[in-house]
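**Student:** Numbering (our numbering), first residue to last: 369 to 739.
My structure is below; once you've seen it, I'll send some questions.
Have a look at this one:
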């Protein structure tokens, strides 16, 4: 990210109206020092919006945790369905449940408000739409406990997320877009806020989640946390057993929208320039050249076809290898269907990114001034 650019304050206004504890015209409140002897150790936070019945999946898994959080703070972004009513129905099942309502709040503001309201020195963050493994919080907090015993405090812990597909298409989607745990390099891994924990002090020092960004906000937050320990490869301890399960996108249309928004967020935040450039060159130069030679080349057209076939194999090799593992329960026909879907999903995702990225760049040019 370009460190010499900043968002013009005039372009960013507080998000939405408020209800209950929050004031939309005021900044995120500073955390109050906890009272001795009356402080939760771990606060679990999440932000929700129009989750409806799907929210029960998360809440039931919170209630089933072997290591219960000391409090649960959830910020609703002004849901128009029964999300808040469902949250209220869990007051007797979740420890010290507090519900904040901030109409119009985006994900970043919702998280910031929930964290600011939380009383624990350690924050465990997750998202609606996931199901927590029963040992999730226990595994996520263990590195903090271990670091404290060794007298070497840490800032944050990265958990992991695994797919929970319900059909053949979702299995193909999971194999295409989600890494397996043994593919992760802990020193380079940037955790999703589906499964992450950090100290409240680290959140403050990192400046909180960027409220001007609607997608990729957790990446910028991760970068800011990593910057707290520049002498180390990562500020995040690695907790692969802190797993959350979530369903991949169930249609190409919803997948397109998701990846368009991700790429638009990349453009807004000036992230991954090289990756996007490689994608444009691949689709704009290499692929047309191979197709042109395969159909209209003056000599050895077979070379064009060989290049195309090798390209597809390289392009889809890793997803197909993942599919061998996560698709073990599929019938042979379903497995081959999933394998055939892999290149389709990859192309749809890439095109969505190529459309979304310049939209984010244009937004950035209008809203960011150079120092």
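Backbone N, C-alpha and C define an ideal beta-carbon position, used for all residues, glycine too.
Quantities reported herein were computed from a predicted structural model and do not represent experimental measurements.
According to DSSP, simplified to helix, strand and coil, what is residue 458?
**Tutor:** coil
**Student:** Which residues mark the beginning and the end of the alpha helix (DSSP H) in which residue 587 is found?
**Tutor:** Element bounds for residue 587: 585-594.
**Student:** In the DSSP assignment, find the unbroken beta strand (DSSP E) run with residue 623 in it and report its ends.
**Tutor:** Here residue 623 belongs to no beta strand (DSSP E); instead the alpha helix (DSSP H) covers 620-637.
**Student:** Do the CB positions of residue 432 and residue 508 come within less than 7 Å of each other?
**Tutor:** no
**Student:** Taking the DSSP output, what are the residues bridged to residue 565?
**Tutor:** 492 and 525
**Student:** By the three-class DSSP mapping on this structure, what secondary structure does residue 514 have?
**Tutor:** Note: residue 514 maps to helix in three-state DSSP.
**Student:** Pull up the CB-CB distance for residue 412 and residue 430, whole angstroms please, since I reckon it's below 8 Å.
**Tutor:** At roughly 7 Å, the Cβ-Cβ gap stays under 8 Å, so residue 412 and residue 430 are in contact.
**Student:** May I ask which residues mark the beginning and end of the alpha helix (DSSP H) holding residue 726?
**Tutor:** 700-735
**Student:** Below 7 Å CB to CB, which residues in the same chain sit around residue 521 once its five sequence neighbours on both sides are set aside?
**Tutor:** 515
**Student:** Within a Cβ cutoff of 7 Å, which residues of the same chain sit near residue 603, ignoring the five residues on either side of it in sequence?
**Tutor:** 523, 524, 593, 594, 596 and 597
**Student:** Determine whether the beta carbon atoms of residue 418 and residue 450 lie at a separation below 7 Å.
**Tutor:** no
**Student:** At the level of alpha carbons, what is the spacing between residue 564 and residue 571?
**Tutor:** 12 Å
**Student:** So if DSSP puts residue 466 in a beta bridge, which residue, or which two residues, is it bridged to?
**Tutor:** 441
**Student:** Identify whether residue 656 lies in helix, strand or coil by the three-state DSSP scheme.
**Tutor:** In the structure shown, the three-state DSSP call for residue 656 is helix.
**Student:** Grab the span of the beta strand (DSSP E) containing residue 487 for me, first residue to last.
**Tutor:** Neither: residue 487 is in no beta strand (DSSP E) and is coded neither H nor E.
**Student:** Could you give the distance in angstroms between the alpha-carbon of residue 621 and the alpha-carbon of residue 545?
**Tutor:** Going from the Cα of residue 621 to the Cα of residue 545 covers about 15 Å.
**Student:** In the DSSP output, which residue or residues are listed as bridge partners for residue 411?
**Tutor:** 439 and 491
**Student:** Could you tell me whether the stretch 615-629 touches the stretch 526-541, using the rule of 3 or more Cβ pairs below 8 Å?
**Tutor:** yes
**Student:** Taking the C-alpha atoms as reference points, what is the distance between residue 483 and residue 705?
**Tutor:** Put simply, the backbone Cα of residue 483 is about 44 Å away from that of residue 705.
**Student:** Give the range of the beta strand (DSSP E) segment to which residue 611 is assigned.
**Tutor:** 604-614
**Student:** Whole angstroms are fine: how far does the CA of residue 575 sit from the CA of residue 711?
**Tutor:** 40 Å
**Student:** Helix, strand or coil: how does DSSP classify residue 500 here?
**Tutor:** strand
**Student:** Can you have a look at residue 478 and say buried or exposed, based on whether 16 or more other CB atoms are within 10 angstroms of its CB?
**Tutor:** buried
**Student:** Could you compute how far the alpha carbon of residue 492 sits from the alpha carbon of residue 442?
**Tutor:** 12 Å
**Student:** Going by C-alpha to C-alpha distance, which of 414, 425 and 420 sits closest to residue 613?
**Tutor:** A check of alpha carbon separations from residue 613 across 414, 425 and 420 identifies 425 as the nearest.
**Student:** Write down the C-beta distance between residue 721 and residue 647 rounded to the nearest angstrom, noting that I regard them as a contact closer than 8 Å.
**Tutor:** 6 Å
**Student:** Can you confirm whether the stretch 713-731 touches the stretch 641-658 when touching is taken to mean that 3 or more C-beta pairs between the two stretches lie within less than 8 Å?
**Tutor:** Yes, since at least three Cβ pairs between the stretch 641-658 and the stretch 713-731 fall closer than 8 Å, the two stretches touch.
**Student:** State the start and end residues of the unbroken alpha helix (DSSP H) segment that holds residue 447.
**Tutor:** Secondary structure note for residue 447: it is in no alpha helix (DSSP H), with a DSSP letter that is neither H nor E.
**Student:** To the nearest angstrom, how far is the alpha carbon of residue 660 from that of residue 667?
**Tutor:** 12 Å
**Student:** Tell me whether residue 639 is buried or exposed, calling it buried when 16 or more other Cβ atoms sit within 10 Å of its Cβ.
**Tutor:** buried
**Student:** Residues in its own chain within less than 7 Å of residue 577 by CB, not counting five upstream and five downstream?
**Tutor:** 476, 479, 480, 585 and 589
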